[in-house]
Amino acid sequence: MDFSKLYRPSALNSFQYIAVVGAIMSGAAQLIIRALGQAQPEGYNWLYLCWLGLYIFGSVLNLFGKPHDPHHHHHH
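Just so you know, the sequence shown maps onto residues 14 to 89 in the numbering used here.
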């Protein structure tokens with residue numbers, strides 16, 4: 014089992030990539046909201062749980078999927 018598929022950017026599948034980018038964008042938006050002195054929307058932190066769930070789903074597919082599955086894409 015190749016655990017580098019969990020952290021090496023070139024080995025991430027689409028689900029993992031979307032989750033990482035989503036978490037980064039959510040964090041940036043949260044910083045902007047705070048910098049502007051605005052109230053954080055109710056339930057905003059649930060986004061991070063959703064991104065984590067998507068990342069875990071993608072990781073399971075990446076770790077246990079067939080290595081030559083035609084739907085198994087990596088970002089380079």
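We treat Cβ as the ideally placed atom computed from N, Cα and C, and that holds for glycine.
Look at residue 53 here: in three-state DSSP terms it is coil, with no helix or strand label. Contact between the stretch 66 to 82 and the stretch 25 to 41 is established, with three or more Cβ pairs separated by less than 8 Å. Sequence-distant partners of residue 58 (beyond 5 residues in either direction) whose C-beta falls short of 7 Å from its own C-beta are missing from its chain. Sequence-distant partners of residue 17 (beyond 5 residues in either direction) whose C-beta falls short of 7 Å from its own C-beta, in its chain, are 24. For residue 60, the enclosing alpha helix (DSSP H) stretches over residues 59 to 77. With contacts defined as CB atoms closer than 7 Å, residue 39 and residue 62 fail to qualify as a contacting pair.
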